[in-house]
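Residue numbers (the working numbering): 51 to 118.
Below: the structure, in structure tokens.
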């Protein structure tokens, strides 16, 4: 990392503790860039779609007694 570079959590388009996407969820191309003013918004240069990547939460763990 170069001196004076902003921490990853403060870089536009990257949310803290989450890796950025590597491809468009609609067309699969890798031509994506941060978009808009809010963190987590992305734009695909191939299909021109814009989307927001958002962590919702953790799914509940299934009860082992019910699974059997």
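The beta carbon of each residue, even a glycine, is placed where N, CA and C say it ideally should be.
Own chain residues within Cβ distance below 8 Å of residue i, not counting five before or after
i	result
residue 83	63, 92, 93, 95
residue 85	63, 91, 92, 93, 100
Paired residues, beta bridge with residue i - DSSP
i	result
residue 77	None, per the DSSP bridge assignment.
residue 98	According to DSSP, which records beta bridges pairwise, residue 98 is partnered with nothing at all.
residue 84	92
Range of the contiguous beta strand (DSSP E) that encloses residue i
i	result
residue 94	91-94
Other residues of its chain near residue i: CB distance less than 6 Å, five sequence neighbours each side excluded
i	result
residue 73	80
residue 77	96, 97
Problem - Meets three-Cβ-pair contact criterion under 8 Å: the stretch 97-109 and the stretch 68-77 - result: yes
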